[in-house]
Every structure is written in C-alpha cells, then in structure tokens.
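K.L.:
Residue numbers (full-length UniProt numbering), protein chains in the order written: chain A, 1 to 119; chain B, 1 to 119.
(1) Who are residue 58 of chain B's beta bridge partners in DSSP?
(2) Between which two residues does the beta strand (DSSP E) carrying residue 8 of chain A extend?
(3) Let me see if you follow: with CB-CB separation under 8 angstroms, is residue 81 of chain B close to chain A or not?
(4) Taking the C-alpha atoms as reference points, what is the distance between residue 136 of chain A and residue 14 of chain A?
(5) Just the C-alpha distance for residue 116 of chain A and residue 32 of chain B, rounded to the nearest angstrom, thanks.
(6) Taking only three categories from DSSP, how would you classify residue 63 of chain A?
(7) Compare the beta carbon distance of residue 59 of chain B and residue 12 of chain B with 8 angstroms and say whether it is the shorter of the two.
(8) Determine the chain B residues that contact residue 113 of chain A at a beta-carbon separation under 7 angstroms, and present them in chain order.
(9) I want to verify the contact list: residues of chain B whose CB lies under 7 angstroms from the CB of residue 96 of chain A, in sequence order.
(10) Cβ of residue 91 of chain A less than 8 angstroms from any chain B Cβ?
(11) With 16 as the cutoff for other CB atoms within 10 Å, does residue 27 of chain A come out buried or exposed?
(12) Please tell me whether residue 71 of chain B and residue 99 of chain B are closer than 8 angstroms, where the distance is taken between their beta carbons.
(13) For chain A, check one thing: does any of its Cβ atoms lie closer than 8 angstroms to the Cβ of residue 73 of chain B?
(14) Report the CB separation of residue 47 of chain A from residue 67 of chain A in whole angstroms; it is logged as a contact under 8 angstroms.
(15) Tell me whether residue 5 of chain B is buried or exposed, calling it buried when 16 or more other Cβ atoms sit within 10 Å of its Cβ.
(16) Output yes if chain A places a C-beta closer than 8 angstroms to the C-beta of residue 30 of chain B; else output no.
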C-alpha cells in the first residue's frame with residue numbers, strides 16, 4: 001500500500017497518511033494496521049495526518065475508527081499533525097473525536113508515549 | 001479584529017471576547033484562533049467571556065466549537081468568566097457544552113494549566 005507508510009520505532013507504529021489516500025486505501029489501512037498492532041505487540045500508534053489538507057465525514061470517521069481499534073488492541077493512540085482547517089471542518093461536521101487523543105507533532109506524541117511507558 | 005484580543009502568555013493563548021462582538025466577528029475569530037493555536041504550538045487556550053451579558057444559541061454554539069477545535073489541536077481549553085445569567089440561558093437553550101471545560105476566572109484556569117504542565 002503506497003497510500004500510507006507504516007514504520008515500527010521503539011515499539012510504536014508510525015503511520016504516515018499520504019495526501020492522495022482514497023476511501024478504499026483507508027479501509028485497507030484499517031485491516032493492515034490492526035494486523036500489525038497485534039502481530040508486533042505495539043504499545044503505541046501515532047497516525048500522522050499532516051499531509052491531509054481537507055477531510056470529509058468519511059475520512060474523519062475512519063481516522064476515529066483507526067484510533068479506537070488501536071486503543072482496543074491496547075496500543076495508546078495519537079493523531080498528530082492536524083491542520084487548523086481540518087480541525088475546523090471536523091468540528092463543523094459535528095465530529096469531535098472524543099476518544100481520539102491528539103498531539104501537536106510526532107515529537108510530542110513520542111514524548112507522551114515514553115512518559116507513559118516510564119511511569 | 002477588534003472584537004476579540006488574543007495574547008500569548010506562557011504558551012497559553014488568552015482570548016478576550018468584547019461585548020460588541022458580532023456573528024461575523026466570532027466566525028473570523030474561529031479562523032484566526034485555529035491558525036494561532038497551530039502556529040504558536042499553544043498548549044492551552046483560555047476564552048474569557050466575562051464581557052458577554054447575554055448569549056444566544058449562535059454565540060453559544062460558536063464558543064463550544066472554538067473549544068472543540070482548540071482541543072483537537074491539542075490545546076487544553078477553558079471558558080472563563082461566564083456570568084450566572086449566561087449559564088442559565090445556555091442551560092435553558094439546552095446547550096450543556098459537555099466537552100467545554102469552564103473555570104471561574106482566568107487565574108483558576110492558568111493554575112489548572114500550570115498543574116497539568118508540571119504533572
């Protein structure tokens with residue numbers, strides 16, 4: 001899958017979503033990510049959406065679902081790199097992602113995951 | 001924009017809403033605030049509505065949305081200075097602002113943000 005890259009760093013799966021991701025790709029990503037979280041015993045997942053300049057309800061919902069699935073598999077999950085316009089759109093669409101943790105950047109998310117592991 | 005002032009203090013954006021803010025102003029504020037939270041990496045947002053003597057559903061909804069957008073951008077958000085009459089109106093209008101954190105005053109909100117940063 002070229003529409004997203006997944007890398008394992010310090011037991012954390014980093015998922016970089018590409019800007020040209022399609023609806024089909026993002027559903028495939030849900031399958032692939034679930035398998036990898038489970039297979040690699042990842043303790044965290046960081047989903048980087050900084051390439052996304054716009055979102056619709058479908059993408060918003062799938063990202064929320066990705067985070068929820070990873071949480072259920074016991075991987076603490078952060079969405080990072082959300083652009084201001086994307087945050088505004090999600091709120092206007094009535095999607096508050098209440099169960100999704102956001103962090104400003106990958107660095108911030110990794111710091112919090114390390115703090116959680118050390119604590 | 002004169003209808004609201006925004007100042008950065010200790011990584012926290014303080015937003016003071018003026019009493020004569022119009023519906024158009026408050027929508028502009030949503031854009032400006034989203035951009036600034038992201039650009040300055042603010043870890044908190046405090047929205048001071050002490051000048052507002054009355055609110056309608058529109059203003060109530062936009063304030064709730066402001067708080068939700070800032071939360072999505074990883075800034076802990078407080079609404080401060082809500083007058084009793086405003087709280088009563090919001091409840092009567094059926095707006096419970098479930099995801100909006102309120103604090104009595106700016107001082108209380110800053111204390112909680114400092115405690116969160118230190119913890």
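Glycine is no exception: its CB is placed at the ideal position from the N, C-alpha and C atoms. Here the structure is a predicted model, which is why all the values come from computation and not from measurement.
P.N.:
For this structure:
(1) Residue mapping note: residue 58 of chain B aligns to position 58 of the second chain, counting from 1. Paired residues: none, contrary to the question.
(2) The residue labelled residue 8 of chain A in the question sits at position 8 within the first chain. Start and end: 4 to 9.
(3) In the second chain, counting from the first residue as 1, residue 81 of chain B sits at position 81. Not closer than 8 angstroms to any Cβ of chain A, the Cβ of residue 81 of chain B fails to qualify, so no.
(4) Since the first residue shown for chain A is 1 and the last is 119, residue 136 of chain A is missing from the structure and cannot be characterised.
(5) The count along the first chain starts at 1 and reaches residue 116 of chain A at position 116. The count along the second chain starts at 1 and reaches residue 32 of chain B at position 32. Distance between the alpha carbons of residue 116 of chain A and residue 32 of chain B: 33 angstroms.
(6) Locating residue 63 of chain A in the first chain gives position 63, counting from the first residue. Helix.
(7) The residue labelled residue 59 of chain B in the question sits at position 59 within the second chain. The residue labelled residue 12 of chain B in the question sits at position 12 within the second chain. Not a contact, by the Cβ cut-off of 8 angstroms.
(8) Here residue 113 of chain A refers to the residue found at position 113 of the first chain. Result: empty, since nearest Cβ-Cβ is about 14 angstroms, beyond 7 angstroms.
(9) Translated into positions along the first chain, residue 96 of chain A becomes position 96. Under the 7 angstroms cutoff, chain B gives 68, 99.
(10) Against the first chain, residue 91 of chain A aligns to sequence position 91. It does: the Cβ of residue 91 of chain A has a partner Cβ on chain B nearer than 8 angstroms.
(11) Taking the first residue of the first chain as 1, we reach residue 27 of chain A at position 27. When all chains shown are included, residue 27 of chain A counts as exposed.
(12) As a working mapping, residue 71 of chain B is identified with position 71 in the second chain. As a working mapping, residue 99 of chain B is identified with position 99 in the second chain. Yes, Cβ-Cβ distance for residue 71 of chain B and residue 99 of chain B is below 8 angstroms.
(13) Within the second chain, numbered from 1, the residue matching residue 73 of chain B stands at position 73. At least one chain A Cβ lies under 8 angstroms of residue 73 of chain B.
(14) Working through the first chain from its first residue, we reach residue 47 of chain A at position 47. Working through the first chain from its first residue, we reach residue 67 of chain A at position 67. Indeed they touch by this definition, with Cβ atoms about 7 angstroms apart.
(15) Your numbering for residue 5 of chain B matches position 5 in the second chain. Exposed, by the Cβ-count rule.
(16) Here the question's residue 30 of chain B lines up with position 30 in the second chain. By this cut-off, residue 30 of chain B is an interface position.
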